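Asks: Those protein sequences? They're chains A and B, same order as listed. Positions -19 to 101 (my numbering) are the ones given, in order, by the first sequence. Positions -19 to 101 (my numbering) are the ones given, in order, by the second sequence. Glycine residues also receive a C-beta, built at the ideal position from the N, C-alpha and C atoms. Since the model is a prediction, treat every value here as computed from it, not as a measurement. Encoded as structure tokens, here's the structure I'll be asking about.
Protein chains: 2
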Amino acid sequence: MEVMRASVINALEVCPVEVAISAVGGAWKLTIVKHLLAGTFRFGELRRAVGPVSERTLARQLRELETDGLVHREVYAEVPPRVEYSLTELGASLREVVAAMDAWGAVLSREAETAWQVRQA
Amino acid sequence: MEVMRASVINALEVCPVEVAISAVGGAWKLTIVKHLLAGTFRFGELRRAVGPVSERTLARQLRELETDGLVHREVYAEVPPRVEYSLTELGASLREVVAAMDAWGAVLSREAETAWQVRQA
DNA sequence: CTCCATACTTACACAACTGTCGGTACATGC
DNA sequence: GCATGTACCGACAGTTGTGTAAGTATGGAG
């Protein structure tokens, strides 16, 4: 039983920001957390909400988030199967991080779009 | 002349947090920014400050940060060469992000160390 | 008896990322 | 002359990440 991924453990020796990056730096992870901050999602709901993510990648990212203790996975023994994802307390404590990243990402988005248009011209 | 990396442009279609991750999600990048928030660094100084990063990777990360407009690179025509790195205004606006990630990373570090010790036992 | 829906998993392949090693340029000190 | 120091760059290899396609299980609908 793994308690936390090796890359997170390795980052301990460098810097807290690297620990954070190794936990939520994967593609889609912060977007997943951003959605889960609003409530519980089923797998298929997340898939549609997150965007152009493949099933395989979404499943793997969710497992990693679960391993690192950020996401709780509740399986219902039904057919067709139902699985619900929600944030743990640790995951919910990402709220400020998500807010900061979201705000800064919006700033960069404006820069990027401007630069892109200039380049296209 | 590239104005911003493709992965940043691609992330525009998903979510601001993905834009932010694609810009600072690379290994060492936030640590580099964290140091540069304190002032200007030469290449070798950064290398020693950041930790176990290879020269090649540090150089490449710095170039990416430069391409994305977060870092300014000042080259002095001297021998031996001297290059100084500093944050642009956009890069400096990462201060809140770095603070949030640093604080959350410290929380996760404590969790990880506890889990690690339990597992070792 | 076949199809459908859900939440995956595995196999495979390709791309991206990262480290190691060797090399470059050249003024200065020994 | 020869080594030294700085800030890299290029080729190569290994690891990690990501997508596509196909398969699994099972009860209910038709």
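Under 7 Å between C-beta atoms, does A:T11 make it to chain B?
Replies: yes
Asks: Using a C-beta cutoff of 7 Å, does B:E46 count as contacting chain A?
Replies: no
Asks: What does the Cβ neighbour count give for A:S34, buried or exposed, with the cut at 16 atoms within 10 Å?
Replies: exposed
Asks: Note down the Cα distance separating A:S73 from B:V55, rounded to an integer number of angstroms.
Replies: 42 Å
Asks: When you compare the stretch 73 to 86 of chain B with the stretch -6 to 8 of chain A, are there three or more beta-carbon pairs, one atom per stretch, that lie closer than 8 Å?
Replies: yes
Asks: Check whether the Cβ atoms of A:R(-15) and A:T37 lie closer than 7 Å to each other.
Replies: In this structure, A:T37 does not lie closer than 7 Å to A:R(-15) by Cβ.
Asks: Just to check my reading of the structure: B:L50 and B:L67 have Cβ atoms closer than 8 Å, yes? What is that Cβ distance to the nearest angstrom?
Replies: 7 Å
Asks: For the alpha helix (DSSP H) that contains B:S34, what are its first and last residues?
Replies: Premise fails: B:S34 is in no alpha helix (DSSP H) and is neither H nor E.
Asks: For A:E44, count the other beta carbons within 10 Å of its own beta carbon; 16 or more makes it buried, fewer makes it exposed. Which is it?
Replies: buried
Asks: Should A:E(-2) be flagged as near chain B, meaning a C-beta pair shorter than 7 Å?
Replies: At least one chain B Cβ lies under 7 Å of A:E(-2).
Asks: Do you know whose CA, among B:R75, B:T20, B:R40, lies nearest B:R62's CA?
Replies: B:T20
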